[in-house]
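Novice: Just so you know, we're using full-length UniProt numbering here: the sequence shown kicks off at 1 and counts up by one.
We put the CB at the ideal spot given by N, CA and C, even for glycine.
Can you keep this structure in mind? I'll have questions shortly.
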Amino acid sequence: MSETIEAPAGLPSEAQVEVGANAGAIETPNNESPAGEQEQPPAAQPEKTPAWLQRKIDKMTFERRESERQAQTAREEMENLRRALAAARGEQQEEPQLTPDQIRQEERQRFEQQQAEQQSVQKFASQTEVIAKSLAGAHGEDAVGQATQLLSERAGLDFGNKSHRELIADISELPNSGDVYYALAHDPDTAGTILDASPRRQYALLTQFAAKVGKPAPAAQAQTPAAPAVSKAPPPVSAPSGAAATGKKSIYDPNVSPAEFDRLWKAGVRS
1 MSETIEAPAG LPSEAQVEVG ANAGAIETPN NESPAGEQEQ PPAAQPEKTP AWLQRKIDKM
61 TFERRESERQ AQTAREEMEN LRRALAAARG EQQEEPQLTP DQIRQEERQR FEQQQAEQQS
121 VQKFASQTEV IAKSLAGAHG EDAVGQATQL LSERAGLDFG NKSHRELIAD ISELPNSGDV
181 YYALAHDPDT AGTILDASPR RQYALLTQFA AKVGKPAPAA QAQTPAAPAV SKAPPPVSAP
241 SGAAATGKKS IYDPNVSPAE FDRLWKAGVR S
């Protein structure tokens, strides 16, 4: 007599194993591929998203979540205000009963908000680290804290300001981020103008300022103009007239006086 153990549901029927005193072997399913079947080629790897596009997507995602968070905060404030007014009037307030779906939705929103805030903090920390390394390599370790203090005290840099954090992110992407940060710290007027500008104008002003950082100043021109060159060649000599070349005067010379003309005529001069 033999016993049969059926495979759990979902497995092929060939996987049934016969167990008994005289069972000879365990049957195993045939996993070989049918003849002519070819292996599927690996899926093509998706193209990597460009850095500028990924940054734009991250920014839009952050702004959307920030907008949702602000809307949720506004709703909560309105609800708290309504409850306060009702309590002041002595009205009985019944707490609304949330459905399981609503509870899960609130928990999910709370979790996503915490994740977004954590990612934003980590990203900003990595951006400031890029600037700090570049700045320390060019101007020393002490320059990092000094530059940040100058920007905070003289230009109004505030890491709690979203626009200022975006400016720090833009600086971190520059090839000379440390030099630009250092130059802004020592030019509070320009730094303040950039920090107070709108996001679009802020980026344009930063790009213009960064293009000037590191370039040598133009050499000062001489105040006294250079003296004109003096030629050492002898002055030209006017060619002598025909009369002067022969040593005789001509009766046709306009400078001949009447007396001299009469004398030359009597002497037979006819030229």
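1) Provide the residue span of the alpha helix (DSSP H) that contains Gly-137, from first to last.
2) Counting pairs of Cβ atoms below 8 Å between the region 138-152 and the region 105-121, do you hit three or more?
3) Contact check, Ala-171 vs Leu-206 under 8 Å by CB: the rounded distance?
4) Give the secondary structure of His-158 by DSSP, where H, G and I count as helix, E and B as strand, and everything else as coil.
5) What's the gap between the Cα of Glu-66 and the Cα of Gln-109?
6) Which class does Ala-259 belong to by DSSP, given the choice of helix, strand or coil?
7) My output table needs one value for Leu-150: the three-state DSSP class, helix, strand or coil.
8) Give the secondary structure of Asp-187 by DSSP, where H, G and I count as helix, E and B as strand, and everything else as coil.
9) How is Gly-214 classed by DSSP in three states: helix, strand or coil?
10) Which of the three DSSP states is assigned to Asn-80 in this structure?
11) Measure the alpha-carbon distance for Gly-140 versus Val-180 and round it to whole angstroms.
Specialist: Considering the structure as presented:
1) Looking up residue 137 in the sequence shown gives position 137. Its alpha helix (DSSP H) spans residues 100-139.
2) no
3) The residue labelled residue 171 in the question sits at position 171 within the sequence shown. The residue labelled residue 206 in the question sits at position 206 within the sequence shown. For clarity, residue 171 is Ile in the given sequence; the question names Ala instead. Between Leu-206 and Ile-171 the Cβ distance is about 7 Å, and since that is below 8 Å, they are a contact.
4) For the purposes of this step, residue 158 is taken as the residue at position 158 of the sequence shown. The sequence shown places Asp at residue 158, not His. Coil at Asp-158, not helix or strand.
5) As a working note, residue 66 is residue 66 in the sequence shown. As a working note, residue 109 is residue 109 in the sequence shown. Computed Cα separation, rounded: 12 Å.
6) Mapped onto the sequence shown, residue 259 falls at position 259. Helix.
7) As a working mapping, residue 150 is identified with position 150 in the sequence shown. Residue state, collapsed to three classes: helix.
8) Working through the sequence shown from its first residue, we reach residue 187 at position 187. Asp-187 falls in the coil class under three-state DSSP.
9) Your numbering for residue 214 matches position 214 in the sequence shown. In the structure shown, Gly-214 sits in coil (DSSP, three-state: anything other than H, G, I, E or B).
10) Within the sequence shown, the letter at position 80 stands for residue 80. DSSP, read as helix, strand or coil, puts Asn-80 in helix.
11) Walking along the sequence shown from the start, residue 140 turns up at place 140. Walking along the sequence shown from the start, residue 180 turns up at place 180. Cα to Cα, Gly-140 sits roughly 15 Å from Val-180.
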